Amino acid sequence: MSKTRLIPRRWRPPRDVGLRGPFAPNEALAGVQVVPLPGSGAEDVAVDEQGAAYTGTREGYVLRVSPDGRRIERIAQTGGRPLGIEIHPDGWLVVCDAHRGLLRIDADTGDITELVTAVDGRPMRFTNNCAVAKDGTIYFSDSSLHYGLDEFKGDILSHTSSGRLIRRDPDGTVTVLIDDLDFANGVALADDESFVLVAETGGYRVTRLDLAGPEAGRRSVIIDNLPGMPDNMSTGSDGVFWIAFPSARNRLLDLLLPRPGALRAAIWALPDRLQPDVTRITWVVGIDGEGDVVHNLQASGKDYHYVTGVREHGGKLYLGSLVEPGIGVVAFR
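Residues in the sequence shown are numbered from 10 upward in steps of one, following our numbering.
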């Protein structure tokens, strides 16, 4: 099967300072407890008030895991690839399916309703992550207009800046809020809903969009030149926003991005195993609303790696991974 043609744009990344300072290596996440699942690639995790965890797998299943981790139920099969997952104030699940779009799933019956499959007449290409407001408004990311999940490296190599942050109102109205993000990924909403954050995996940064007050509509980068590739986000306690990092930055990728497009096209034509890849690490970061780092939790990646989702609940962090056969759980505080 032929790949989508590369659409390269030159971009010179800021110099990578590496894992030092507020991102210094540590073993805070060593000994992660892994809850095995009937499937792999639990990319994100949501946790309800009773402590049950919800996630989606590469095989298309949406699962519910009991608080003690002993009982696992298949509650739905999307027929696609469920990624980001949130619990709506009314109790149903909001699922970002990379192939189908934004879905509503009844956690009791497994019934699936498509909420958004196209925007401005164009089918969703890569629905990725979301956050839900108290009134049911959903903020979600569409990572790329050109590449889907199976070809996500194409967008990273191309640096298309075509990712979008989108809002779906409770009445079904859909509005594009930002349309030039560098691989739009994790989305998190402030506790007071005055602003929303979106991770730009391909830009090594997190962007803030103010939603209320005199600065409503203002867009700003609150943390830049990250030494890793930010993925899913979630809102934690004490004003903390959690960011999952599947990998530190790749030196070869940073060297390629400012180079002529023909060179990157040649790399894109190679087998996947020969292209720039992730580094093995377990890593999540907590920032505040101004972008200051308040938590930097890492491990070598021996027990669990390629962390793409993180959720704080009940004194624990729940981790999701695009490749691991389970969710990770580790005590926090």
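The C-beta atom is built at its ideal place from N, Cα and C for all residues, glycine as well.
Bear in mind the structure is a predicted one, so any value in this text is a computation, not a measurement.
Can you tell me where the alpha helix (DSSP H) with residue i in it begins and where it stops?
| i | result |
| --- | --- |
| Lys311 | Note, Lys311: premise wrong, no alpha helix (DSSP H); not H, not E. |
| Ile165 | 161 to 167 |
Taking only three categories from DSSP, how would you classify residue i?
| i | result |
| --- | --- |
| Thr184 | strand |
| Pro179 | coil |
| Pro17 | coil |
| Thr210 | helix |
| Leu158 | helix |
| Ser410 | Outside the displayed range of the chain (10 to 342) lies residue 410, so it cannot be described from this structure. |
| Val9 | Since the first residue shown for the chain is 10 and the last is 342, residue 9 is missing from the structure and cannot be characterised. |
| Leu219 | Looking at the sequence shown, residue 219 is not Leu but Asp. Of the three classes helix, strand and coil, the one that applies to Asp219 here is strand, per DSSP. |
| Ser229 | strand |
| Asp189 | strand |
| Thr291 | strand |
| Gly172 | strand |
Could you name the residues that DSSP lists as bridge partners for residue i?
| i | result |
| --- | --- |
| Gly318 | Gly329 |
| Gly195 | DSSP output for Gly195 lists no bridge partner at all. |
| Gly237 | Ala257 |
| Val302 | Ile296 |
Taking 9 Å as the cut-off, decide whether the C-beta atoms of residue i and residue j are in contact.
| i | j | result |
| --- | --- | --- |
| Gly222 | Asp191 | no |
| Asp53 | Leu102 | no |
| Val319 | Tyr327 | yes |
| Ala116 | Ala308 | no |
| Gly100 | Tyr70 | no |
| Asn234 | Tyr213 | yes |
| Ala85 | Thr64 | no |
| Phe161 | Val215 | no |
| Gly295 | Val287 | no |
| Thr244 | Leu198 | yes |
| Glu58 | Lys143 | no |
| Ile16 | His155 | yes |
| Arg289 | Gly310 | yes |
| Ser330 | Pro236 | no |
| Val183 | Val128 | yes |
| Gln42 | Val339 | yes |
| Glu95 | Ala55 | yes |
| Val104 | Gly78 | no |
| Asp189 | Ser167 | no |
| Leu28 | Ala257 | yes |
| Asp106 | Thr146 | no |
| Arg80 | Ala62 | no |
| Arg134 | Ser153 | yes |
| Ile165 | Leu174 | no |
| Thr87 | Leu112 | yes |
| Asn138 | Leu306 | no |
Can you tell me where the beta strand (DSSP E) holding residue i begins and where it ends?
| i | result |
| --- | --- |
| Ala62 | 62 to 65 |
Alpha helix (DSSP H) runs wholly inside the stretch 75 to 156, at least 4 long, in chain order: none
Complete beta strand (DSSP E) runs within the stretch 240 to 284 (minimum length 3 residues, chain order): 242 to 244, 250 to 253
Every unbroken beta strand (DSSP E) inside the stretch 23 to 66 [3 residues or more]: 42 to 45, 62 to 65
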